[in-house]
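Residue 368 in my numbering sits at position 355 of the sequence shown, and the numbers go up by one each step.
Using N, Cα and C, we set each Cβ at its ideal position, and we do this for glycine too.
All of these numbers come straight from a predicted model, not from anything done at the bench.
Reading through the structure tokens given below for one structure.
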Amino acid sequence: MEVTLNEGQVVPVQITDEIKTSFINYAMSVIVERALPDVRDGLKPVQRRILYAMNQMGLASNRKHSKSAGVVGEVIGKYHPHGDAAIYDAMVRLAQDWNLRYPLVDGQGNFGSVDGDPAAAYRYTEARLTAVAEAMLADIDKETVDFRDNFDGTIQEPTVLPSAVPNLVVNGAAGIAVGMACNLAPHNLGEVVDGLVALLEDPHLTTDELMQHIQGPDFPTGGIIGRDGIRQAFETGRGSIRIRGRARIEEHNGRPIIVVTEIPYQVNKTSLIQTVAQLVRDKKIEDISNIRDESDRHGMRIVFELKRGANAQVVLQQLYKFSQLQSTFAVNNVVIVDNAPRLLPLKEMLRYFLLHRGEVIRRRSEYELRKARERAHILEGYLIALDNLDAVIELIRASKDGPEARDGLMREFGLSEPQAQAVLDMRLQRLTGLEREKIQEEYRELQEEIARLELILTEDEELKRVIRTELIAEKKAFDNPRRTAITDLNDDISKDDLIPEEKMVVTLTNGGYIKRTALTSYRSQARGGRGAKNQSIKDDDFNTQLLVGSTHDYLLFFTDRGRVYREKIYDLQEVERNARGQHIRNVLPHMAEDENVQTVLSVNSLDRDGYFVFATRNGLIKRTLIRDYVNITIAGLVAINLVDGDELVAVRITDGSADVVLGTRKGQAIRFQEDGARDTGRATQGVIGIRLKGDDTVVSLAVIPEEEKQSAELLSLTESGLGKRTRLSEFPLQGRGGQGVIGHKVTSKTGDMVTLTPVRGDEELLMLTNQGIIIRTSVSQVSSYGRSTQGVKVMRVDDGDRAVAAMVLPSDEDLERLE
């Protein structure tokens, strides 16, 4: 209901209605008058006012610069009654060649930097229009666009610029309105003109056909963009385009370096460097040793120095993945069309620009036609007067004043009032024969111009020809090579794609140090030799796990708490054979302080056939499909549920047809087929594998594949250093859950059994005593005995000492055969 208010009258209204109305008015004001660009000239109101004010001040591209303070004052006083900071910031952005593909303001002084440095205060800087801006303002004085009153009604301002340049598409725009925003990508002017000309010839051009001319965005900071997303952005007006900085790999002082010469659009260089430095501190990128910014006035150069031996391609991919060296530009082509916001695909934006240029050229032609006809009319009067020169002079001399002479000319010679007045105003010099010829020549030229303009106004094809000609002229004047390269960026690229497959030896020591070493570094040595020094470790440390795998294989770390962690072999530190390596807790930072790795396995994939077989201290056995563990996270995963007081002893991989042998501390052993333990899920406890007596516990798990059952031997070792090898055939197959048979006769003399493990005879046996003494010998030196015997002395153990662990590791000859 409309309410008429009288002076002093107060009318109550619902606050919800008032807020709704006021907010809608505010929102539309922001959308139309502040935040979104016009589809025709690609400018927001403040930008348009800045350019128009500078044009009115005569700040052409061929004139000297003028103080920015004067421009800001002119804009505030006449066109844009807002804060000076907002106006100056808008003007500064128009001058920054890293924000605009084709800057519209030519700034002199400090106008900021790509590092994010602010511009100097406007009292220090100077500015003028660029040639591109002049092209946008060309013909504005020829009634080509509508004008409106300024904020106080004292002068007029344009509602849009004639814009001979497709500024919206070539420079893009960004803004946040109320309930909507825009983010338009910049493009190459030459490509856009080619696209406009093609669209002019064929209005039904498809997006794919348009992309033959306009390849994709062309950002002022260069870089590389992927093809994915471009077509969708062109087709719908929305899309996501990935941008990468341009980088190359060089070598400096024997080390690889990564040199970045271009960064993604709207990325702050200083922020990028700080982000990478933080990534290095957080160990997300570990192989960068130094970062230098060597940028100068000649261009950008950010140098990332890498550690010796680092894979530069891997580091570069990490920079793309974790830092702003790769970013995403979210295209959102929301613009003002007929005073309302609309989402437009590229073709529609180009079509609206062509319509605008057609309207501008039509209005310009009407203006020029009117002026040409007015001038031709005057020249016709001149020619009539010159044809009747004596009579005209006689009439003028006989007249008592100007009005009488004018009326006489109109009456006697049929001249119009403007013609008669022009004849009276004509200088006597123009009565000469030469001037007469000039007038006749000018009249002929005007007739041709009038015919040309009438053709433009009456023939659509001629109008198109003019649009095309002017567009090509703008391309010739302002086009420059594309800065942004377009290629196929593979999002799925990973270290696996960059690191060659190579056989590696992975070792884990009793002290928790792990490393990988190229298998080729293990060389054949004579039997009985001491062997190469395996690693720089303390005297009381030794290898407890040694396995061979590809750089692309996964290492699975099973702990005594029943958890499993995963790491790629190539993520381990690669060192020489005699180096120490890194501590396991640096590799597995989420492992608890009192958690210890029991088994390390190497697999090329977790999405495969096969089983994990688990054995626990309390005699449980569990068999689970390998693919049940495919989702191991960085924080690890529960591999087996354990009750209080139980712990995981070992894990082995099987194909489903192996025999399982469990060995206990008291020398018992049970052999059964693995399928005797039914498959269970990942987070389960398993079933009884061996029924233990008293305080007996399981100390070892052996898995014998089908093809080795006939020849396999089991090596057992006790605390006193007694050991033996026993053929697998002496261990009868039983059902799971029994008490087993004697695997090694345990007495007070022998002490408890330490291990029961399958051997071939050519491996290396390592034994550790309670006092830290390490003894190495060859498995072949251990004699073969029956199952229920005590064995022979394999290692000498001093009084008060006892063996606590034994490991069977491949010999160097075994490793060499794997090369």
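For residue i, collect the residues of the same chain with a Cβ closer than 6 Å to its Cβ; drop the 5 residues on either side in sequence, then sort them by chain order.
i    : result
V350 : V52
E461 : none
Y380 : K155, E156
R536 : Confidence at R536 is low in this model, with a pLDDT of 47, below 50, so its placement is unreliable and the value that follows should be read with caution. Answer for R536: no residue qualifies.
L113 : N184
P718 : A671
Which residue comes first and which comes last in the beta strand (DSSP E) that contains residue i?
i    : result
R355 : 353 to 356
A108 : It is not in any beta strand (DSSP E) - A108 instead sits in the alpha helix (DSSP H) that spans 97 to 108.
K360 : Segment 359 to 400 is the alpha helix (DSSP H) holding K360; no beta strand (DSSP E) there.
N345 : 339 to 345
Y526 : 526 to 531
R419 : Looking at the DSSP string, R419 is not in any beta strand (DSSP E); the run it does join, the alpha helix (DSSP H), is 415 to 426.
T274 : 268 to 275
V716 : 711 to 717
P834 : The structure shown does not extend to residue 834, since the chain is modelled only from 14 to 832, so the question has no answer here.
I189 : 186 to 189
D162 : 160 to 162
Please state if the CB of residue j and the CB of residue i are separated by a distance shorter than 8 Å.
i    : j    : result
P233 : D110 : yes
D54  : N180 : yes
T768 : A690 : no
R419 : L437 : yes
V807 : L735 : yes
T629 : V662 : yes
V7   : Q330 : The question about residue 7 has no answer here: the residues shown for the chain are numbered 14 through 832.
V344 : R244 : no
K516 : V561 : yes
T739 : T710 : no
G185 : L197 : yes
K91  : I153 : no
L174 : L64  : yes
L49  : G188 : yes
R695 : T637 : yes
E87  : M70  : yes
K33  : R47  : no
I512 : Y583 : yes
H681 : G774 : Checking the sequence shown, residue 681 turns out to be Gln, not His. Going by C-beta atoms, Q681 is not nearer than 8 Å to G774.
Along the alpha helix (DSSP H) that carries residue i, what are the first and last residues, could you check?
i    : result
V84  : 81 to 91
S284 : 282 to 294
D11  : For residue 11 there is no data in the structure shown, the boundaries of the chain being 14 and 832.
I315 : First-last for I315: 315 to 319, but that is the beta strand (DSSP E), not the alpha helix (DSSP H).
M149 : 144 to 150
K489 : 473 to 491
K706 : Neither: K706 is in no alpha helix (DSSP H) and is coded neither H nor E.
R62  : 58 to 69
T564 : Careful: T564 lies outside any alpha helix (DSSP H) and carries neither H nor E.
T220 : 220 to 223
Within the same chain, show all residues whose beta-carbon is closer than 8 Å to that of residue i, passing over the 5 residues directly before and after it, in chain order.
i    : result
E608 : T572, D573, R574, R576
E318 : H265, R268, I270, I301, S302, N303, I304, R305
T341 : S253, I254, R255, I256
G430 : The question names Gly, but residue 430 in the sequence shown is Glu. Taken in chain order, the residues that qualify are R419, M423.
V158 : P171, T172, V173, L174, P175, V373, R376
N644 : L650
Roughly how far, in whole angstroms, is the beta-carbon of residue i from the beta-carbon of residue j, given that I think they are within contact range, below 8 Å?
i    : j    : result
L142 : A73  : 6 Å
C195 : V348 : 6 Å
V700 : R749 : 7 Å
D668 : G702 : That belief does not hold up - the Cβ atoms of D668 and G702 are roughly 19 Å apart, past 8 Å.
A99  : A140 : Contact doesn't hold; Cβ gap of about 16 Å is too wide.
D509 : H565 : 5 Å
L585 : V626 : Wrong, their Cβ atoms sit about 25 Å apart, outside the cutoff.
L559 : P823 : 6 Å
Given residue i, which residues of its chain have a CB within under 7 Å of its CB, disregarding the five upstream and five downstream residues?
i    : result
V821 : L728, T770, V772, E776, L778, V792
T557 : L521, T522, N523, M820
G764 : T731, E732, S733, R815
I647 : H603
Of all Cβ atoms in chain C, is any one closer than 8 Å to the Cβ of residue i?
i    : result
L428 : Although the question refers to chain C, the structure presented lacks it and comprises just one protein chain.
Could you tell me which uninterrupted alpha helix (DSSP H) segments, each at least 4 residues in length, are contained entirely in the region 568 to 656, listed from first to last along the chain? Unbroken alpha helix (DSSP H) stretches of 4 residues or longer found wholly inside the region 568 to 656: 597 to 600, given in chain order.
Tell me the start and end of each unbroken beta strand (DSSP E) in the region 732 to 779 that is at least 3 residues and wholly inside, in chain order. Counting only runs of 3+ residues, the beta strand (DSSP E) found wholly inside the region 732 to 779 occupies 735 to 740, 766 to 772, in chain order.
Counting only runs of 3+ residues fully inside the region 774 to 808, write out the beta strand (DSSP E) ranges in chain order. If we require 3 residues or more, the beta strand (DSSP E) runs fully inside the region 774 to 808 come out as 777 to 782, 787 to 791.
Taking only runs that begin and end inside the region 235 to 271, name each unbroken alpha helix (DSSP H) of 4 or more residues, in chain order. Runs of the alpha helix (DSSP H) inside the region 235 to 271: 243 to 249.
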